[in-house]
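Trainee: Have a look at this one before I ask anything.
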Amino acid sequence: PRLAAPAFARAAIRAGARIEERTEVAEVQKVGGEFHVSTTDGQLFVAEQLLITAGAWAARLAEQFGEPVPLEPNGPQMSVTEPVPYALPTVIGVFTKIKEEVIYFRQIPRGNIIIGGGNRNKPDMLNRRAYFKPESLINQMKQMKRLLPGAEKLNIIRVWSGIESYTPDSLPIMGRSGKVDGLFYAFGFCGHGFQLGPGVGDVMAELISTGSTRTLITPFDIRRFTDPTAIEMPFTSSLMSTGKLI
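Read in order, the letters of the sequence shown are residues 1 to 246 in UniProt numbering.
Here is the structure:
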């Protein structure tokens, strides 16, 4: 993320996007046929269409349009070991309903093993921080010992965390608003948003610019929380049962 996120930003700027960093949104509303986005530093942005993709903070903005979503913020933790001879060409992972036993890892060509899974920590939403917790690292290495004996002896050279958001059914919110014309959502990807981001961007760009999309996104409709009787949910039960194991 420390390399990929800035690279995405640079590519967006080259394509004509304008990025406002360290700019906190205070209020969003629709005035006439336009959306007004006010920031805490006094700026006002006006547009005919609005896409809310604010991650763990998106529910607060959606609620301002009368569409509350039960979104739970969490801070997962990742670890990186010292490099060792390359021997793991594939991703290995175990997913169970026992959160402490969830573990996944992969080895990159230069030899480092990247480890994730285990307990999710409660982030500091006010200061926008997810902090490293030693006990989470200890649990990760305990699970690594079960799957890859000897890995628990490797030195950890870097750890990081971030703030993710989770929905009750482990599915994202993605698509148009159920109440406000010109309003769209893409958030709550339950830990998969960074990986899915480019594809989500393509789908949302198609939806916003043409009014429809070739990709099935009905199961991700915000109305499943705000007005469940208004939509039919194809394949939702199978999607939910898969997601809840993670």
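By construction, the Cβ of each residue, glycine as well, lies at the ideal position given by its N, Cα and C atoms.
1. Helix or strand or just coil, what does DSSP make of ILE92?
2. Taking the alpha-carbon positions, what's the ALA5 to PHE220 distance?
3. I need the straight-line Cα distance from ALA11 to THR23, nearest angstrom please.
4. Report yes if the CB atom of ASN74 is closer than 9 Å to the CB atom of LYS122, and no otherwise.
5. Can you say whether PRO70 is buried or exposed, counting buried as having 16 or more other CB atoms within 10 angstroms of its CB?
6. Tell me where the beta strand (DSSP E) around GLN31 begins and ends.
7. Assign TYR166 to buried or exposed, taking buried as 16 or more other Cβ atoms, counted over all protein chains shown, within 10 Å of its Cβ.
8. Nearest to LEU126 by alpha carbon, out of TRP57, LEU44, THR218 and LYS97?
9. Looking only at C-alpha atoms, which of TRP160, ARG158, VAL159 and GLN140 sits nearest to ALA151?
10. Pick out the complete beta strand (DSSP E) segments inside the stretch 39 to 74, 3 residues or longer, and give them in chain order.
11. If you follow the alpha helix (DSSP H) that VAL102 is in, where does it begin and where does it stop?
Mentor: Based on what the coordinates show:
1. strand
2. 25 Å
3. 20 Å
4. yes
5. exposed
6. Looking at the sequence shown, residue 31 is not Gln but Val. First-last of the beta strand (DSSP E) with VAL31: 25 to 31.
7. buried
8. TRP57
9. GLN140
10. 44 to 47, 50 to 52 and 72 to 74
11. Run containing VAL102: none; DSSP gives neither H nor E here.
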